[in-house]
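Asker: Numbering (the numbering used here), first residue to last: 1 to 255.
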Amino acid sequence: MRIPHDLLPAGVVIAVERSDDADLDVRAAAVGIEVYAADLHPKRQREFLAGRLAARTALQQMQAHTLAVGRDGNAPIWPAGFCGSISHGADLAAAIAAPSPSWRSLGLDIEARIGTNRMRALRFALSDDEMRICEASADPWAWTRYWSAKEAVFKCCAALGHRPTLQSLQPAWRDTGHGTVDVVISNTALRIDLVGGVADEAMWMIASMRDATADLPDETARPAVAGFEIVSPLQTGAENAQGFAQLGANGTAAA
Ligand SMILES: CC(C)(COP(=O)(O)OP(=O)(O)OC[C@H]1O[C@@H](n2cnc3c(N)ncnc32)[C@H](O)[C@@H]1OP(=O)(O)O)[C@@H](O)C(=O)NCCC(=O)NCCS
Numbered sequence: 001m002r003i004p005h006d007l008l009p010a011g012v013v014i015a016v017e018r019s020d021d022a023d024l025d026v027r028a029a030a031v032g033i034e035v036y037a038a039d040l041h042p043k044r045q046r047e048f049l050a051g052r053l054a055a056r057t058a059l060q061q062m063q064a065h066t067l068a069v070g071r072d073g074n075a076p077i078w079p080a081g082f083c084g085s086i087s088h089g090a091d092l093a094a095a096i097a098a099p100s101p102s103w104r105s106l107g108l109d110i111e112a113r114i115g116t117n118r119m120r121a122l123r124f125a126l127s128d129d130e131m132r133i134c135e136a137s138a139d140p141w142a143w144t145r146y147w148s149a150k151e152a153v154f155k156c157c158a159a160l161g162h163r164p165t166l167q168s169l170q171p172a173w174r175d176t177g178h179g180t181v182d183v184v185i186s187n188t189a190l191r192i193d194l195v196g197g198v199a200d201e202a203m204w205m206i207a208s209m210r211d212a213t214a215d216l217p218d219e220t221a222r223p224a225v226a227g228f229e230i231v232s233p234l235q236t237g238a239e240n241a242q243g244f245a246q247l248g249a250n251g252t253a254a255a
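1) With DSSP as the reference, identify every bridge partner of Thr180, one or two as the case may be.
2) Return yes when the Cβ of Ser85 is within less than 7 Å of the Cβ of Leu67, no when it is not.
3) Under 7 Å between the Cβ atoms of Ser87 and Ala94?
4) Taking 6 Å as the limit between beta carbons, can you name the residues of its chain near Glu130, skipping five residues before and five after?
5) Return the first residue and the last residue of the beta strand (DSSP E) that Arg18 is part of.
6) How many angstroms separate the CA atom of Gln61 from the CA atom of Trp143?
7) Quick check: what's the CA-CA separation for Ala98 versus Arg120?
8) Would you tell me roughly how many angstroms separate the C-alpha atoms of Pro164 and Ala152, rounded to the nearest one?
9) By alpha-carbon positions, which one of Gly115, Leu53, Ala75 ends up nearest to Asp23?
10) Spell out whether any CB of chain D is found under 7 Å from the CB atom of Leu194.
11) Decide if Asp273 is buried, meaning its Cβ has at least 16 other Cβ atoms within 10 Å, or exposed.
12) On the DSSP bridge assignment, give the partners of Ser208 in chain order.
13) To the nearest angstrom, how far is the alpha carbon of Ala189 from that of Cys156?
14) What is the rounded straight-line gap between the Cα of Arg118 and the Cα of Gln63?
15) Along the beta strand (DSSP E) that carries Arg71, what are the first and last residues, could you check?
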């Protein structure tokens, strides 16, 4: 999967693992990563191990002392001093991590292209306005962009103990790769930034909430990305740009 390095929020690192890697079990066992239940479906076992291995790599890049990511219900528990997020795609898992409190929370989603074949799920997640926008759009990734943004923002919020409905999370897009979602958590209005794109036929989306007072790392001082080929410019293609122009014409582009 190819994600342009310079699109990642400053201080955020990303790592990816193939969940169909033949050595996955062995590599996970070697560093003490085990599945949380013996009767998990084999595919889910591989996803979980790959996600935890990716998280470990991301934490290693941040020079974290503790590399193990715990679990509370379904949610990952990051070592003290770090926040992060995990997602699984077709045959891969990815994790992002960043130092807290500079970053309050992160959410990652990786999603194969969603279309009207997932209408039930889309109706569950998208508002009527968002449904209309996607229906009118020529952008083949329009549905996925909304879905993925909501999933990433949900994880970002859930890590702070807030579990919003997906419909309530309404992205305002600045362009095909950038947006914001405003949320209220514990009576405080907060802004979550979105950055995403399409790489190798999958959408990636990162939701990040920064500490407003944080002195975030210099853009040029970011650690290298593990497992991602670094490319530039954004791999969304002219088709997407055209599609987004249409989204904008429908009045959704942020000012
Ligand atoms: C939690 C949720 C966002 C996971 O997304 P998904 O597309 O199913 O799966 P992904 O592969 O992208 O992400 C899975 C990872 O999300 C993380 N995750 C799960 N629950 C989480 C939570 N409450 N907070 C933060 N991260 C969470 C886990 O790390 C998990 O991987 P792991 O189990 O291997 O550690 C999704 O299932 C969800 O519940 N979404 C919205 C809430 C909602 O309305 N649910 C009803 C759906 S019918």
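Beta carbons: idealized from backbone N, C-alpha and C, even for Gly.
Answerer: Judging by the given coordinates:
1) Here the question's residue 180 lines up with position 180 in the sequence shown. Partner(s): Ala172, Asp193.
2) For the purposes of this step, residue 67 is identified with residue 67 of the sequence shown, where counting begins at 1. For the purposes of this step, residue 85 is identified with residue 85 of the sequence shown, where counting begins at 1. No, Cβ-Cβ distance for Leu67 and Ser85 is not below 7 Å.
3) For the purposes of this step, residue 87 is identified with residue 87 of the sequence shown, where counting begins at 1. For the purposes of this step, residue 94 is identified with residue 94 of the sequence shown, where counting begins at 1. Contact flag set, yes.
4) Against the sequence shown, residue 130 aligns to sequence position 130. Contacts found: Tyr146.
5) Walking along the sequence shown from the start, residue 18 turns up at place 18. Unbroken beta strand (DSSP E) run through Arg18: 13–18.
6) Walking along the sequence shown from the start, residue 61 turns up at place 61. Walking along the sequence shown from the start, residue 143 turns up at place 143. Computed Cα separation, rounded: 33 Å.
7) One-based indexing of the sequence shown puts residue 98 at position 98. One-based indexing of the sequence shown puts residue 120 at position 120. Each residue's Cα considered, the two are about 34 Å apart.
8) Position 164 of the sequence shown, counted from the start, is the residue given in the question as residue 164. Position 152 of the sequence shown, counted from the start, is the residue given in the question as residue 152. Pro164 and Ala152: Cα-Cα distance of roughly 12 Å.
9) Within the sequence shown, residue 23 is the residue found at index 23, counting from 1. Nearest C-alpha to Asp23: Leu53.
10) Checking the listed chains, one finds no chain D in this structure; it contains a single protein chain.
11) For the chain, the structure presents residues 1 to 255; residue 273 sits outside this window and is missing.
12) In the sequence shown, the residue the question calls residue 208 occupies position 208. According to DSSP, Ser208 bridges with Leu106, Asp193.
13) Here residue 189 refers to the residue found at position 189 of the sequence shown. Here residue 156 refers to the residue found at position 156 of the sequence shown. Near 15 Å, if we compare the C-alpha coordinates of Cys156 and Ala189.
14) Position 118 of the sequence shown, counting from 1, holds the residue named residue 118. Position 63 of the sequence shown, counting from 1, holds the residue named residue 63. Cα-Cα distance, rounded: 40 Å.
15) In the sequence shown, counting from the first residue as 1, residue 71 sits at position 71. Unbroken beta strand (DSSP E) run through Arg71: 70–72.
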